[in-house]
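Protein chains: 2
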Amino acid sequence: MDDLLMVPGPTPLPPEVRAALTLPMVNHRSAPFRAVEEEVQAGLRQVFDTTAGRIFVLPAAGTGGLEAAIQNLVEPGQTVLSVTMGSFGDRWANLARVFGAQVETLASEWGSYPRPEELAERLAADREHRIRVILLTHNETSTGVLLPLEAMARARGDHPALILVDAVSALAATPLRMDEWGIDCVVAGSQKALMTPPGLAVLALSERAVATMRAVKGPRGYFDLRGYLKPDNTTNLPYTPAVSLFYGLRASLKLILGAGLEASYARHERLGAMARRGLEALGLKLVADPDAYSPTVTAAYLEGADEFRTRLRGLGVTIAGGQGKLAGRIIRIGHVGFVNPVDMLGTLAAMEVTMGREHAGHAVAAAETVLEEVAVR
Amino acid sequence: MDDLLMVPGPTPLPPEVRAALTLPMVNHRSAPFRAVEEEVQAGLRQVFDTTAGRIFVLPAAGTGGLEAAIQNLVEPGQTVLSVTMGSFGDRWANLARVFGAQVETLASEWGSYPRPEELAERLAADREHRIRVILLTHNETSTGVLLPLEAMARARGDHPALILVDAVSALAATPLRMDEWGIDCVVAGSQKALMTPPGLAVLALSERAVATMRAVKGPRGYFDLRGYLKPDNTTNLPYTPAVSLFYGLRASLKLILGAGLEASYARHERLGAMARRGLEALGLKLVADPDAYSPTVTAAYLEGADEFRTRLRGLGVTIAGGQGKLAGRIIRIGHVGFVNPVDMLGTLAAMEVTMGREHAGHAVAAAETVLEEVAVR
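Laid out in structure tokens, this is it:
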């Protein structure tokens, strides 16, 4: 079998997606490609859970999608509130700074998340509505923390700021209801729960965000989303799209929506629970607080984390290490996309082997209790 | 068989490349991916023909590579000389404008190219060296015109401006000797003569350009090439690379370099000659002047061009139409990448059928004369 790739992206690919990558190239300005594009758009619309929003698929990593959101929705000089709980939140704030935004920060300790009440207070104090945009990270990949996105979005209340969400490691793995929760922009990437190789950034913009995007005057070229919308609001391709990745994403969306988004959400929830129980049975301390667990990545403190990861790779299991101030101090298990419970059990078993004879069976046994509680598809 | 895709990108894929796209995902921050990256870098080094240059592979369309060149090599406010002969040259100049450059233009009629003597004169007149960067288009895809790049680069003489080259539709199809000709930056894309799906921009920077890149202060985030070079000059990945496209590019470079770059150059030259003789035998007037022929795309005037293309598609042959001021007025045959002489003969035969009985055999017979003159691999 393939080695187990248990990192938070890129994630393993379903065979249907791998096969789709080999379809013949077509002219991207043609009816056959338009049909592919329309299927992808329709599928993403369901995943973003929006009827009014506009969807954009760009040839870029997720980071490119985050830059596109900034360039198109923030005028240089405007004030942005960065709600951050780890290195990916900080990175987005930094992109906003690079392109001229005044960044204010609402930060939590790593392992926790800023509370909706704190956000509501900050916005209530902003009586002059200087804050034009709020940056949220749905799932902080560096710590394995999930933000309660609905509560955070509702905490905006009557404040007119746009809400932008980095959902790169969350979309399709946990509920996100763009229209219902009043989110103005969601950014994701192809290579996580969307089970497609890296190389596509996907964005959805609310009607309000589209109006802002059309009005912003700051510099933007490659990521100018106006290039994707003709004046008559029809779709346009300003340059060559990543055709083979579109084929892959179409195949993946068919799988995800065929089984139902709820099934994907439940699968990720279950994998997260297995990871947590397994790691705790090995005596490891989780990075995330108990009310902050992520369904796609689980981080735990471990002395000699990087050497441990090297030994685990010797058994054919790849997990991730720490980033930023957690580098070398933690391990992170990605359980996102095309991953099943047996992959998780295999990962935990390999960790037992790596940690020594006295751990044999403990993590696996603990994780299996999750499967006893919840029927597995 | 697959339909014939005779457009200037995306181009058909060799079976080895299609197969490579299906390889399993790996952690991009790992030894296995580093090995892939190093093979790709080594192969591209040969294609760019540089020993000292630094090579960057970005998850982006070619346009993203053009933007990266501007953001990293042009300080806002600096003067750029845009040497343009069509819509892709104009597009690059526009990206420079968007990011704050003062753009001066040296333009030719469409179908021709600005002369090296004109460039030398413009630079000689710039005694204060206000011009910091010269933008050249190696092959203008909108008109099917090849710039005599060596002569243009040498026309710089002692002027200190950096020379940046858009080689998106030229690289690996026609000679480009970065070090020997003193070129400071070359930008290309994966989806043309590199025979890989679209989604990767490749750049090479001379040592001088790397020094400029490190010094520039203008805003750059996703395309900040400093993120790809650590301070100690080793390679870094600032975000997730497009893993599957790296696999494809590695496979394609192996094919191209295995047969030899000279073979690729000769094949494209021959395909261009076949296209020109075929189209002229059908009574069409070429867009490019006789001294300006491109080896990768051939454009010709044709009344009712777009309707003609639709009828051709009915026979399973896709060619491109006009762009910008040539929209609807010309056809363009792409003959770049994984295309062989029989594909070209089939295309010309389908055109004969579409144009009517009186043309039967004429274009094909004319094109075949090229094969009689030059041995076909």
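As given, the protein sequences belong to chains W and V, one line each in that order.
Under our numbering, read the first sequence as residues 1201 to 1577, first letter to last.
Under our numbering, read the second sequence as residues 1201 to 1577, first letter to last.
Glycine residues also receive a C-beta, built at the ideal position from the N, C-alpha and C atoms.
| Listed in chain order, which residues of the segment 1282-1294 of chain W have Cβ atoms closer than 8 angstroms to some Cβ of chain V? | Only Asn1294 from the segment 1282-1294 of chain W bring a Cβ to less than 8 angstroms from some Cβ of chain V.
| query | Along chain W, in chain order, which residues have C-beta atoms closer than 9 angstroms to that of Val1298 (chain V)? | reply | Ordered by position in chain W, the residues that pass the 9 angstroms Cβ test against Val1298 (chain V) are Pro1419, Arg1420, Gly1421, Asp1424.
| request: Enumerate in chain order the residues of its own chain whose CB-to-CB distance from Ser1369 (chain V) is below 7 angstroms, with the five nearest sequence positions on each side excluded. | output: Only Pro1208, Gly1209, Asn1339, Thr1341, Lys1392, Thr1496, Val1497, Val1536 meet the Cβ criterion.
| Spatial distance of Arg1254 (chain V) from Pro1316 (chain W) (CA atoms) | Looking at the two C-alpha atoms, the distance is approximately 47 angstroms.
| task | Assess, as a yes-or-no matter, whether the segment 1362-1376 of chain W is touched by the segment 1265-1277 of chain W under the definition of 3 or more beta carbon pairs within less than 8 angstroms. | result | As far as the Cβ criterion goes, the segment 1265-1277 of chain W touches the segment 1362-1376 of chain W, which means the pair count is three or higher.
| field | Other residues of its chain near Arg1377 (chain W): CB distance less than 7 angstroms, five sequence neighbours each side excluded | value | Residues Asp1249 of the same chain have their beta carbon placed closer than 7 angstroms to that of Arg1377 (chain W), with the five preceding and five following residues left out of the count.
| Below-7 angstroms beta-carbon distance, Met1225 (chain W) vs any chain B residue | The chain labelled as chain B is not found among the protein chains of the depicted structure, namely W and V.
| said: Between the alpha carbons of Gly1528 (chain V) and Thr1510 (chain V), how many angstroms are there, rounded? | reply: If you take the alpha carbons of Gly1528 (chain V) and Thr1510 (chain V), they lie about 12 angstroms apart.
| query | Alpha carbon to alpha carbon, what distance is there between Glu1239 (chain W) and Val1564 (chain V)? | reply | In a straight line, the C-alpha of Val1564 (chain V) is about 39 angstroms away from that of Glu1239 (chain W).
| request: Compare the C-beta of Arg1450 (chain W) with all C-beta atoms of chain V and state if any pair is closer than 7 angstroms. | output: No, Arg1450 (chain W) lies away from the interface with chain V (no Cβ there is under 7 angstroms from its Cβ).
| said: For Val1576 (chain W), count the other beta carbons within 10 Å of its own beta carbon; 16 or more makes it buried, fewer makes it exposed. Which is it? | reply: In this predicted model, Val1576 (chain W) has a pLDDT of only 48, less than 50, meaning its place in the structure is not dependable enough to derive any value.
| message | Helix, strand or coil for Ala1372 (chain W)? Go by DSSP, reduced to three states. | response | In the structure shown, the three-state DSSP call for Ala1372 (chain W) is coil.
| query | CA-CA distance, Ala1566 (chain V) and Gly1262 (chain W)? | reply | Straight-line Cα distance between these residues: approximately 50 angstroms.
| task | State the Cα-Cα distance for the pair Ala1481 (chain W) and His1562 (chain W), rounded to the nearest angstrom. | result | Counting only the Cα atoms, His1562 (chain W) lies some 6 angstroms from Ala1481 (chain W).
| Less than 7 angstroms separating the beta-carbons of Leu1512 (chain W) and Ala1550 (chain W)? | Taking 7 angstroms as the Cβ cut-off, Leu1512 (chain W) and Ala1550 (chain W) qualify as a contacting pair.
| request: Would you be able to state if there are at least three C-beta pairs under 8 angstroms between the segment 1383-1398 of chain W and the segment 1444-1452 of chain W? | output: Three or more Cβ pairs closer than 8 angstroms define a contact, and the segment 1444-1452 of chain W meets that threshold against the segment 1383-1398 of chain W.
| field | Whether Leu1484 (chain V) touches Ala1500 (chain V) by CB criterion (7 angstroms) | value | Yes, the Cβ-Cβ distance between Leu1484 (chain V) and Ala1500 (chain V) is below 7 angstroms.
| said: Along the chain, where does the beta strand (DSSP E) containing Phe1508 (chain V) start, and where does it finish? | reply: Per DSSP, Phe1508 (chain V) lies in no beta strand (DSSP E) segment; the continuous alpha helix (DSSP H) that holds it begins and ends at 1505-1514.
| message | Considering only the alpha carbon of each residue, which of W:Ser1406, W:Val1236, W:Ala1459, W:Gly1243 lies closest to Trp1381 (chain W)? | response | Nearest neighbour of Trp1381 (chain W) by Cα position, chosen from W:Ser1406, W:Val1236, W:Ala1459, W:Gly1243, turns out to be W:Ser1406.
| said: Can you confirm whether Leu1390 (chain W), when its beta carbon is compared against all beta carbons of chain V, has any partner nearer than 7 angstroms? | reply: With the sequence shown as reference, residue 1390 (chain W) is identified as Ser, and Leu is not the correct amino acid for it. No, no contact with chain V.
| is_contact[Ala1260 (chain V), chain W] using C-beta, thresh 7 angstroms | Yes, contact with chain W.
| query | Unbroken alpha helix (DSSP H) runs of length 4 or more, entirely within the segment 1416-1473 of chain W: which are they? | reply | The qualifying runs are 1443-1459.
| For Leu1223 (chain W), does the three-state DSSP call read helix, strand or coil? | Leu1223 (chain W) carries a coil assignment under DSSP once its states are collapsed to helix, strand and coil.
| For Val1410 (chain V), which residues does DSSP report across the bridge? | When DSSP reads this structure, Val1410 (chain V) sits in no beta bridge, so it has no partner.
| field | Opening and closing residue of the beta strand (DSSP E) in which Asp1326 (chain V) lies | value | Where Asp1326 (chain V) is concerned, there is no enclosing beta strand (DSSP E), because DSSP gives it neither an H nor an E.
| query | Beta carbon of Met1285 (chain V), beta carbon of Leu1319 (chain V): below 7 angstroms? | reply | Cβ atoms of Met1285 (chain V) and Leu1319 (chain V): not closer than 7 angstroms.
| query | Does the segment 1284-1298 of chain V come close enough to the segment 1405-1423 of chain V that 3 or more CB-CB pairs lie under 8 angstroms? | reply | The answer is no - the segment 1284-1298 of chain V does not touch the segment 1405-1423 of chain V, with fewer than three Cβ pairs under 8 angstroms.
| Which residues of chain V have a Cβ atom closer than 8 angstroms to the Cβ of Asp1202 (chain W), listed in chain order? | Pro1224, listed in chain order.
| To which residues of the same chain is Ala1269 (chain W) closer than 8 angstroms at the C-beta, ignoring the five residues directly before and after it? | Cβ contact annotation for Ala1269 (chain W) (same chain, cutoff 8 angstroms, sequence separation greater than five): Leu1364, Cys1385, Val1387, Leu1403, in chain order.
| request: Please report how far the alpha carbon of Asp1543 (chain V) lies from the alpha carbon of Ala1401 (chain V), in whole angstroms. | output: Rounded to whole angstroms, Asp1543 (chain V) to Ala1401 (chain V) spans 27 angstroms at the Cα level.
| message | With H, G and I counted as helix, E and B as strand and the rest as coil, what does DSSP make of His1228 (chain V)? | response | Of the three classes helix, strand and coil, the one that applies to His1228 (chain V) here is coil, per DSSP.
| query | Any C-beta of chain W sitting closer than 7 angstroms to the C-beta of Leu1205 (chain V)? | reply | Chain W, which has a Cβ nearer than 7 angstroms to the Cβ of Leu1205 (chain V), makes this yes.
| field | Residue-level contact to chain W via CB, Ser1444 (chain V), 7 angstroms cutoff | value | Cβ-Cβ to chain W under 7 angstroms: yes for Ser1444 (chain V).
| said: Using a Cβ-Cβ cutoff of less than 8 angstroms, which residues in the same chain neighbour Ile1530 (chain W) once the five nearest sequence positions on both sides are dropped? | reply: Cβ neighbours of Ile1530 (chain W) beyond the five flanking positions: Val1487, Ala1499, Ala1500, Tyr1501, Leu1502, Ala1505, Gly1521, Gly1522.
| request: Use the C-beta contact count for Met1201 (chain W): other C-beta atoms within 10 angstroms, 16 or more gives buried, fewer gives exposed. | output: Per the 10 Å Cβ criterion, exposed.
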